[in-house]
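Under the numbering used here, think of the first position of the sequence shown as 1, with each following residue one higher.
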Amino acid sequence: MTHQPGFQVEIADGIAVVTLDRPKANAIDAATSVALGETFAGFDRDPAVRVAIFTGAGERFFSAGWDLTADEAFDSDYGVGGFGGFTNLPDRRTPVIAAVNGMAVGGGFEIAMAADLLVAADHAQFFLPEAGLGILPDNGAVRLPQRLPAAIANEMLLTGRRMDAEEAARWGLVNRVVSGAELMTAAHQLALDVCWAAPLSVAAILDIGRRTAHTDPIKAMNDIRDLPSYRAAIDSDDAREGTQAHAERRDPVWKGR
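If you want it as structure tokens, here you go:
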């Protein structure tokens, strides 16, 4: 395990676990965000990391978002990955699972929404109080209307109303809702399921999803064939290994090339 100011990183069996640890509410200042961005960018360059889990220490707060006690501007430089380390990380190849262990507030909710998969403890809550503080849930104002019906998204954005884990699951924001005691086990199992897939295929799927989210499907299908990530996956040794392993009824051995 390695320790950074405000968080810890543990890597084993292809899974990196990043645990935010800033008592009392796991709020994030600019320096912590910058360090998180460098960490998540590093995962893309590290063949030992296939998937990352992001969680908070304790049981009450996943993250309270921006640290209001920090003496810094709302629009400070939060690093290469944007606020929280990976929310706006360009061309991210490593999938991220948010393991929401408690309240995901403001920027904490935005971090959870930016993850590719989300597991929540049954006592988790999600809300965006920024409008009531005279500031903006900027990332949330972009992401939430893409994930929820307009009326529900606007209610959360404009009034700060709270959504519990079960409701979040009903709207499709959450993959799994489990007890707090089972949270990290469930997140690790989901991470192992991701590790079962070929790394170049995973990277290409993330890339295609980002680039075609608001594109007509027919145009998207024509466009993706020219993407380097698409060609890297389907022309790879792993593509041949995967189909051969299936024919031979054995587990594939991925090389990432």
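Even for Gly, the Cβ is constructed at its ideal location relative to N, Cα and C.
Here the structure is a predicted model, which is why all the values come from computation and not from measurement.
message = Only counting the same chain, and skipping five residues up and downstream in sequence, which positions put a Cβ closer than 7 Å to that of ARG147?
response = MET113, LEU173
task = Return the first residue and the last residue of the beta strand (DSSP E) that PHE7 is part of.
result = 7–12
ask   = In terms of DSSP beta bridges, what is HIS3 paired with?
value = GLN8
key: Three-pair Cβ contact test at 8 Å for the stretch 223–237 versus the stretch 201–209   = yes
query = Going by other Cβ atoms of all chains shown within 10 Å of its Cβ, with 16 needed for buried, is HIS188 buried or exposed?
reply = buried
task = Taking only the alpha-carbon atoms, compute the straight-line gap between LEU157 and ALA124 and give it to the nearest angstrom.
result = 18 Å
inquiry  = Pop quiz: GLY180 and PRO129 are said to be a contact at Cβ under 8 Å. What is the actual Cβ separation, rounded to whole angstroms?
reply    = Rounded, the Cβ-Cβ distance is 23 Å, inconsistent with contact.
request  = Could you work out which residue in VAL9, ILE97, GLY6, GLY14 is closest to GLY256 when comparing CA atoms only?
outcome  = GLY14
ask   = For ARG45, does the count of other Cβ atoms within 10 angstroms reach 16, so buried, or fall short, so exposed?
value = exposed
query = If we ignore side chains and look at the alpha-carbon of each, how far apart do ALA232 and ALA198 end up?
reply = 12 Å
Rounded straight-line distance, which links the Cα of SER229 to that of PRO23 = 40 Å
request  = For ARG60, I'd like the list of residues in its chain whose CB is within less than 6 Å of its CB, leaving aside the five on either flank, ordered along the chain.
outcome  = GLY102
key: Unbroken alpha helix (DSSP H) run spanning GLY134, endpoints   = Looking at the DSSP string, GLY134 is not in any alpha helix (DSSP H), and its letter there is neither H nor E.
query = When DSSP labels each residue in this structure, what does GLY56 get in the three-state scheme?
reply = strand
inquiry  = What would DSSP say about VAL267, mapped onto helix, strand or coil?
reply    = This structure gives no information on residue 267, because the portion of the chain shown stretches from 1 to 257.
request  = For LEU68, name the three-state secondary structure that DSSP assigns.
outcome  = coil
Simplified DSSP assignment, three categories, for ARG210 = helix
ask   = Ordered along the chain, which non-local residues of its own chain (more than five positions away) have a Cβ less than 8 Å from that of ASN139?
value = GLY82, PHE83, THR87, ASN88, GLY107, GLU110, MET113, ALA114
key: Three-state secondary structure assigned by DSSP to LEU20   = strand
Close Cβ partners of ALA220 (< 7 Å) along its chain, the five nearest in sequence each way excluded = THR212
task = Identify whether ASP29 lies in helix, strand or coil by the three-state DSSP scheme.
result = coil
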